[in-house]
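Trainee:
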Amino acid sequence: MSIEQDVNLKPFNSFGLSTFAKRLVRIRSEADVRRVLDHPDLGLSPKFILGGGSNIVLTRDIDDVVLKLEVLGMRLVEARHDAWIVEAGAGEAWHALVAWTLEQGYPGLENLALIPGTVGASPVQNIGAYGVELKDRFDSLDAVDLVTGRTVTLTASQCRFGYRDSVFKQGGFAGLAGKSIITRVRFRLPRPWQPALEYLELQRKMVETGITAPDARQIFDWVCAVRRAKLPDPAVIGNAGSFFKNPVVTEEQCRDIIGRDPGIVHYPMPDGTIKLAAGWLIDACGWKGKSIGGAGVYEKQALVLVNRGNASGAEVVTLARAIQESVYGRFGIRLEPEPVVV
Numbered sequence: 001m002s003i004e005q006d007v008n009l010k011p012f013n014s015f016g017l018s019t020f021a022k023r024l025v026r027i028r029s030e031a032d033v034r035r036v037l038d039h040p041d042l043g044l045s046p047k048f049i050l051g052g053g054s055n056i057v058l059t060r061d062i063d064d065v066v067l068k069l070e071v072l073g074m075r076l077v078e079a080r081h082d083a084w085i086v087e088a089g090a091g092e093a094w095h096a097l098v099a100w101t102l103e104q105g106y107p108g109l110e111n112l113a114l115i116p117g118t119v120g121a122s123p124v125q126n127i128g129a130y131g132v133e134l135k136d137r138f139d140s141l142d143a144v145d146l147v148t149g150r151t152v153t154l155t156a157s158q159c160r161f162g163y164r165d166s167v168f169k170q171g172g173f174a175g176l177a178g179k180s181i182i183t184r185v186r187f188r189l190p191r192p193w194q195p196a197l198e199y200l201e202l203q204r205k206m207v208e209t210g211i212t213a214p215d216a217r218q219i220f221d222w223v224c225a226v227r228r229a230k231l232p233d234p235a236v237i238g239n240a241g242s243f244f245k246n247p248v249v250t251e252e253q254c255r256d257i258i259g260r261d262p263g264i265v266h267y268p269m270p271d272g273t274i275k276l277a278a279g280w281l282i283d284a285c286g287w288k289g290k291s292i293g294g295a296g297v298y299e300k301q302a303l304v305l306v307n308r309g310n311a312s313g314a315e316v317v318t319l320a321r322a323i324q325e326s327v328y329g330r331f332g333i334r335l336e337p338e339p340v341v342v
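FYI, in the UniProt record's numbering the residues of the sequence shown are 1 to 342.
Structure, rendered in structure tokens:
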């Protein structure tokens, strides 16, 4: 186990924000976690878990011991009559896993293509896109308790998945935020495969192409094309993907907003609530393309905040708060950020 000192975290967060870690340890196995816990100095120090850095906004240097998650490996665990069970190391790139499952003939994750970040972050955030959420394809995961060093296996119910939420983002006595580190995740990909095509942009692709019964690879290609058309590549311009959650309101609240803004983009939910498009709300307030310092709102998608090259974490937070106040002032809706501000 090697301990790296004074490491610039700019390459390790998708926003490309330059902050420093006092100490960084690369975690490539459960044994590495236990070595950290048994270390006379590191074991007693607070820990900061870092995966692909795609869901954080760094506003300061990190004095905690940074555990850089790099557990690799992808494999088929079991081919059941009703599902393929696939396992991946938490340090694997998420999109690489999606592509690998399709190459191996295990469809089911194609709607989640091109989401930035690592496999280990996927259950933390309960990632979702184009009509599918991580919880819909989740089987179980392994995590190491950062106090005892024991490896535990958690099921979906134990992960307490919510909209862009899980037990790993929840603090308090019952939450696991900062208390454990995910090392491996298993996915249940149903057999026979059924396409998820309810999302409007996928339906448009079917009309455009004339393909009414796409296979998983076709859906994968469509999702990649749609995301590349409207979302910036973090390797080119720093960002954390969608910065705000789509707010959920009551039917009455939605009717009130429609009365003032008939064009608002909204989606009825099975429970009778209405999901509003946060990007539309931000765009309606005139934020698309605007900047505060080096932080800006992406010209093609108002839901995405970007680093125009020299942004600080403080500038990203200032921009986000200004957007929140603007949307609340016009619509009476408080937008909730997706990334964790550190």
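Every residue gets a Cβ at the ideal spot worked out from N, C-alpha and C, and that includes glycine. Quick caveat: nothing in here was measured; it's all calculated off a predicted structure.
1) Could you spell out the range, first to last residue, of the beta strand (DSSP E) harbouring Leu276?
2) Do you know whose CA, among Val236, Phe173, Leu197, Asp136, lies nearest Phe187's CA?
3) Looking at the secondary structure, which residues open and close the alpha helix (DSSP H) in which Met206 lies?
4) When you compare only the Cα positions, how much space is there between Phe173 and Gly120?
5) Under 6 Å Cβ to Cβ from Glu30, same chain only, skipping five residues before and after it: list those, please.
6) Counting pairs of beta carbons, one from the segment 75 to 92 and one from the segment 32 to 50, are three or more of them closer than 8 Å?
7) Mind reading off the beta-carbon distance from Gly53 to Phe12? Whole number of angstroms is fine, and I expect it under 8 Å.
8) Between Ile56 and Val340, how many whole angstroms is the CB-CB distance? I'm expecting something under 8 Å.
9) Among Glu208, Gln125, Val306, Ile181, which has the Cα closest to the Cα of Gly149?
10) Are the segment 312 to 332 and the segment 278 to 293 touching, with three or more C-beta to C-beta distances below 8 Å?
11) For the pair the segment 188 to 208 and the segment 102 to 110, tell me if three or more CB-CB distances fall below 8 Å.
12) Per DSSP, Ala88 forms a beta bridge with which residues?
13) Can you confirm whether the segment 254 to 271 touches the segment 210 to 220 when touching is taken to mean that 3 or more C-beta pairs between the two stretches lie within less than 8 Å?
14) Straight-line CA distance for Gly259 to Tyr267?
15) Could you pull out every unbroken beta strand (DSSP E) segment of at least 3 residues lying fully inside the segment 253 to 290, listed in chain order?
16) So, using beta-carbon positions, are Ala99 and Phe220 closer together than 9 Å?
17) Could you tell me the boundaries of the beta strand (DSSP E) in which Val66 lies?
18) Given Lys205, which residues of its chain have a CB within under 6 Å of its CB, disregarding the five upstream and five downstream residues?
19) With distances taken Cα to Cα, identify the nearest neighbour of Met74 among Leu335, Thr153, Thr118, Lys290.
20) Going by DSSP, what residue range makes up the beta strand (DSSP E) through Arg35?
21) Quick check on the DSSP output: the alpha helix (DSSP H) that includes Glu325 runs from which residue to which?
22) Beta-carbon separation of Val124 and Ser166 under 9 Å?
23) Starting from Leu24, follow its DSSP beta bridges and name the residues at the other end.
24) For the alpha helix (DSSP H) that Leu97 lies in, which residues bound it at each end?
25) Whose C-alpha, out of Gly178, Gly131, Lys169, Val132, is nearest the C-alpha of Leu146?
26) Under 6 Å Cβ to Cβ from Pro247, same chain only, skipping five residues before and after it: list those, please.
27) Out of Ile292, Leu335, Leu50, Gly329, state which residue places its alpha-carbon closest to the alpha-carbon of Leu303.
28) My guess is that Thr59 and Ala314 are in contact by the Cβ rule of under 8 Å, so how many angstroms apart are they, rounded?
29) Between the Cα of Val25 and the Cα atoms of Cys159, His39, Gly16, Lys300, which residue gives the shortest distance?
30) Given this structure, state the Cα-to-Cα distance separating Val33 from Gly175, to the nearest angstrom.
31) Use the C-beta contact count for Pro234: other C-beta atoms within 10 angstroms, 16 or more gives buried, fewer gives exposed.
32) Hey, would you say Glu198 sits closer than 9 Å to Gly131, going by beta carbons?
33) In terms of residues, what are the limits of the beta strand (DSSP E) holding Ile219?
34) With a 10 Å radius around its C-beta and 16 neighbouring C-beta atoms as the bar for buried, classify Lys68 as buried or exposed.
35) Which residue comes first and which comes last in the beta strand (DSSP E) that contains Val304?
Mentor: Quick look at the numbers:
1) Leu276 -> beta strand (DSSP E) spans 274 to 276.
2) Nearest of Val236, Phe173, Leu197, Asp136 to Phe187, Cα basis: Asp136.
3) For Met206, the enclosing alpha helix (DSSP H) begins and ends at 200 to 209.
4) Distance from the CA atom of Phe173 to the CA atom of Gly120, rounded to whole angstroms, is 22 Å.
5) Result list for Glu30: Val144, Thr151, Thr183, in chain order.
6) The segment 75 to 92 vs the segment 32 to 50: no contact.
7) Between Gly53 and Phe12, the beta carbon gap of about 5 Å places them in contact (Cβ cut-off 8 Å).
8) In this structure, Ile56 and Val340 form a Cβ contact; the two beta carbons are roughly 5 Å apart against a cut-off of 8 Å.
9) Ranking the options by Cα distance to Gly149, first place goes to Ile181.
10) With a cut-off of 8 Å, the segment 278 to 293 and the segment 312 to 332 count as touching, because enough Cβ pairs lie within range.
11) Pairwise C-beta distances place the segment 188 to 208 in contact with the segment 102 to 110, as three or more of them are shorter than 8 Å.
12) DSSP lists Met74, Val185 as partners of Ala88.
13) Three or more Cβ pairs closer than 8 Å define a contact, and the segment 210 to 220 falls short of that threshold against the segment 254 to 271.
14) Linking Gly259 to Tyr267 through their CA atoms gives a straight-line distance of about 16 Å.
15) Runs of the beta strand (DSSP E) inside the segment 253 to 290: 266 to 268, 274 to 276.
16) Cβ distance < 9 Å, so Ala99 and Phe220 count as in contact.
17) Taken as a continuous stretch (DSSP letters only), the beta strand (DSSP E) holding Val66 covers 62 to 69.
18) Here the set comprises Trp222.
19) Cα-wise, what sits closest to Met74 is Thr118.
20) Counting along the chain, Arg35 falls outside any beta strand (DSSP E), though it belongs to the alpha helix (DSSP H) covering 30 to 38.
21) Following the DSSP letters along the chain, one finds Glu325 inside the alpha helix (DSSP H) bounded by residues 313 to 331.
22) Contact flag set, yes.
23) According to DSSP, which records beta bridges pairwise, Leu24 is partnered with Glu4, Val66.
24) That run of the alpha helix (DSSP H) goes 94 to 104.
25) If we check each option's Cα against that of Leu146, Gly178 comes out closest.
26) Same-chain partners within the cutoff: Leu276, Ile333.
27) Taking only the C-alpha atoms, the option nearest Leu303 is Leu335.
28) The pair is a contact, with the Cβ atoms about 6 Å apart (cut-off 8 Å).
29) Proximity to Val25 across Cys159, His39, Gly16, Lys300 peaks at His39, based on C-alpha coordinates.
30) Gly175 has its alpha-carbon roughly 20 Å from the corresponding atom of Val33.
31) When all chains shown are included, Pro234 counts as buried.
32) If you check the CB distance, Glu198 and Gly131 come in under 9 Å.
33) It is not in any beta strand (DSSP E) - Ile219 instead sits in the alpha helix (DSSP H) that spans 216 to 230.
34) Counting every other CB atom within 10 Å of its CB across the protein chains shown gives Lys68 a total of 16 or more, marking it as buried.
35) Start and end: 304 to 307.
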